[in-house]
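When we follow our numbering, the leftmost residue of the sequence shown carries the number 28, and every step to the right adds one. Below is one structure, written out as structure tokens, with a few remarks after it.
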Amino acid sequence: MELESSRYFISAPGVSNARPQPLRVRGPAGCQASVLLGITAGGQELVFQRLVTEGDAEHPVYLGMVRIEDGDRLSLREPTEEECDYMQGIATLPSTKEEDAFRRLDTGYFDIELCRGTGRGEGASKWGIRHFARKEEGVDLLQSGNNAIGGFYGPFFTPENGLINPPEHLVADIRVLEEGPVVHRYQLSGRIPDGLLPELRAKHFSVDFTFYHNADFFDRVYQVDSFQTRVNGRSVTDCITVGDEFEGGQGRLVFDRFDSYSNASYRAGDPYAECLKEEVKETIASQEEDNPADPDGSRYQAFRKLLNRDLDNAHWDLYWRLFSYWEHALADGSLNRHLAKVRAKAHVLADLNNRPWLFPQGAVDVSAANEETIFVGPSDCSAEYDSATGRCMVWQTSQASAAFQIVQRPQSGWVNWGTNGENECPALPVDVDIRTIYGPYGAGWRSRAQEASLSPLWAKAEQ
């Protein structure tokens with residue numbers, strides 16, 4: 028039977044109707060159904076899921092994935108028992124790849140494994156999305172599980188704070204916020220380990236991931252206890268570094284081009300990383316002072332053995348760990364002196380005039396840049412794609428990040444999209460909505476970006 032007051036009008040001028048987008052409605056007062064079935068005047072048959080974290084018992088909110096037609100009308104009704112039995116949607120898969128997996132999801136479009144992390148301080152320890160594939164393509168962009176999509180780093184992962192790495196150094200608590208046929212939403216949270224800076228101690232974070240049935244995108248938003256500190260000689264207030272990582276294996280890149288919607292300017296090279304590597308080499312070649320946290324020196328000797336290799340072709344995670352306060356491989360005084368040297372050198376090199384700002388007319392071949400790294404200016408829409416296959420990831424933010432660090436390094440196969448400027452300076456405000464789109468969009472990715480709407484879309488009940 029059709030519900031009372033269950034007819035709605037969709038007013039969304041200028042919104043693309045190319046693909047389904049999340050549409051919210053306020054359900055009839057007191058409606059307790061977990062799902063409703065809908066049909067538009069244009070003939071779309073839809074499922075709407077009640078959102079537990081929005082609305083209330085008297086004013087429930089439902090969300091469906093709708094191909095938006097401005098001026099269309101929508102009718103909702105409760106499903107029959109038989110319709111509920113055959114309803115399709117996001118599925119939770121029983122088999123997982125990682126020991127710390129929380130959910131493996133088949134969204135209809137993506138195969139995703141979300142992990143809580145292990146807190147062991149290694150690449151494979153990270154919380155976040157540790158496996159990610161488009162089902163039709165069948166390529167896992169995180170095949171080894173040693174990297175992750177969705178971590179955040181600065182201002183904690185800075186030489187000022189002793190390189191505290193939230194995704195690697197803590198186990199995230201995970202709450203189920205929504206689980207139904209249309210929407211799954213999970214909140215990862217935790218207390219960030221203390222580093223060197225007093226103003227960054229006892230801080231907590233949360234990140235909400237939202238996945239949609241049969242959608243080529245997912246959403247997220249980060250919250251961190253308010254802070255003010257200094258990074259790279261600049262005041263930083265409530266800005267973070269969000270970092271998405273990808274891997275193709277040595278000699279292979281899953282993405283080999285970077286582009287931004289407005290062709291933002293960039294500089295090539297990463298003096299800070301070079302300064303850090305040089306300081307690592309000098310440190311392991313010297314005899315360190317006694318360390319109360321490592322009385323027999325075994326921790327330091329283990330790092331010396333681990334780092335006695337070609338650092339130029341090593342994964343980034345390998346060589347910063349010696350200078351992490353969390354590891355306690357060096358005495359605090361020694362750690363401060365080494366990091367002060369790195370900062371002093373890197374700050375000078377970052378401001379020299381030997382790395383000009385470039386103004387691209389198209390996508391940038393990052394692996395051809397110095398140190399396979401570029402630092403990009405402000406943007407609220409950017410993309411990385413593979414020029415051969417067309418696989419492409421697009422990031423849209425509700426507020427621009429002031430800077431980005433992009434790495435596409437064939438030697439290790441590591442690719443990175445990070446919202447930070449030079450010397451690990453975080454640039455994305457907290458509480459910013461991020462939509463991440465993935466598909467075969469290649470160099471034409473702007474067309475797909477234009478179809479998306481970050482602003483919530485609502486249908487209005489007809490009186």
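Backbone N, C-alpha and C fix where the C-beta goes; we use that ideal spot for every residue, glycine too.
With contacts defined by Cβ atoms closer than 8 Å, L204 and R218 do not form a contacting pair.
Distance from the CA atom of S361 to the CA atom of E451, rounded to whole angstroms, is 21 Å.
By DSSP's assignment, M420 forms a beta bridge with E411 and Y465. Every beta strand (DSSP E) stretch that sits fully inside the region 248-317 and reaches 3 residues is listed by chain position as 255-258, 261-264, 269-274, 284-287 and 293-295.
Within the same chain, Cβ atoms closer than 7 Å to the Cβ of K487 are found at Y35, F36 and S38, the five residues on either side in sequence being excluded. Sorting G172, A454 and G389 by C-alpha distance to the C-alpha of F183 places A454 at the top. In the structure shown, the three-state DSSP call for A476 is helix. A residue is called buried once 16 or more other Cβ atoms fall within 10 Å of its Cβ, and L50 is buried on that count.
The three-state reading of DSSP puts A356 in coil, since its state is none of H, G, I, E or B. In the DSSP assignment, Q76 is bridged to V62 and L90.
Counting only the Cα atoms, L132 lies some 25 Å from E108.
Secondary structure remark: continuous beta strand (DSSP E) runs of at least 3 residues inside the region 91-122, in chain order: 100-104. Distances from the CA of H355 to each of P220, R473 and H374 were compared; the closest alpha carbon is that of P220. Across the set T67, T310, D246 and R100, the C-alpha of D246 shows the shortest separation from the C-alpha of S480.
DSSP, read as helix, strand or coil, puts A390 in coil.
Three or more Cβ pairs closer than 8 Å define a contact, and the region 177-193 falls short of that threshold against the region 285-297. For D235, the number of other beta carbons within 10 angstroms of its own is at least 16, and it is reported as buried. Boundaries for Y136: no beta strand (DSSP E) harbours it, and the DSSP string shows neither H nor E there. Secondary-structure assignment with DSSP links P453 through a beta bridge to N447. The alpha-carbon separation between A476 and F179 amounts to approximately 24 Å.
Cβ neighbours of Y352 within its own chain (closer than 6 Å, five residues either side excluded): G189, G222 and L223. A distance below 8 Å separates the beta carbons of A430 and V403. The alpha helix (DSSP H) runs of length 4 or more contained entirely in the region 167-206 are, from start to end of the chain, 193-196. Per DSSP, the unbroken alpha helix (DSSP H) holding R326 starts and ends at S325 to L333.
Secondary structure note for Q432: its beta strand (DSSP E) is the uninterrupted segment F431 to R436. Taking 8 Å as the cut-off, the beta carbon of H158 is found closer than this to the beta carbon of K124. In the DSSP assignment, T400 is bridged to V434. For the pair Y327 and L303, the CB atoms are not nearer than the 8 Å cut-off.
Looking at D286, E149 and H365, the one whose alpha-carbon comes closest to that of S313 is H365.
With 16 or more other CB atoms across the displayed protein chains lying within 10 angstroms of its CB, A60 is buried. Out of W154, Q277 and G275, the CA that lies nearest to the CA of F232 is found in W154.
Counting along the chain, V210 sits inside the beta strand (DSSP E) bounded by residues V210 to R218. When secondary structure is reduced to three states using DSSP, V369 falls in the helix class. Remark: C-beta atoms of A175 and E272 approach each other more closely than 8 Å. Between I464 and T67, the alpha-carbon positions lie close to 26 Å from each other.
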